[in-house]
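Since the structure comes first, as structure tokens, the remarks are kept for the end.
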Amino acid sequence: MAAAILAAGKSTLKAVPNLSDIFVCGRLLGRLGCKVTR
1 MAAAILAAGK STLKAVPNLS DIFVCGRLLG RLGCKVTR
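Heads up, the sequence shown is in the UniProt record's numbering, so the first residue is 1 and it goes up one at a time.
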């Protein structure tokens, strides 16, 4: 997920496990301006 912020354009991640650290990383990316949906 962290590498997605470095990539140009849209990034789609599939089969991401439902873990608390993934949730926290998604919230952090959202605060940085990324659109995060599950």
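Even glycine gets a Cβ: it sits at the ideal position worked out from N, Cα and C.
Keep in mind the model is a prediction, meaning the values are calculated, not measured.
Suppose you measure from the CA of residue i to the CA of residue j; what does that come to, to the nearest Å?
| i | j | result |
| --- | --- | --- |
| L6 | L32 | 12 Å |
| R38 | L28 | 14 Å |
| K14 | C34 | 16 Å |
Using a threshold of 8 Å, state whether the C-beta atoms of residue i and residue j are closer than that.
| i | j | result |
| --- | --- | --- |
| C25 | A2 | yes |
Taking the continuous alpha helix (DSSP H) assigned at residue i, which residues delimit it?
| i | result |
| --- | --- |
| L13 | Note, L13: premise wrong, no alpha helix (DSSP H); not H, not E. |
| L29 | 20 to 31 |
Within its chain, find whatever has a CB closer than 8 Å to the CB of residue i; leave out the 5 residues flanking it on each side and keep chain order.
| i | result |
| --- | --- |
| G30 | V36 |
Using a Cβ-Cβ cut-off of 7 Å (strictly less than) and excluding sequence neighbours within five positions of residue i, which residues of its own chain qualify?
| i | result |
| --- | --- |
| V16 | I22 |
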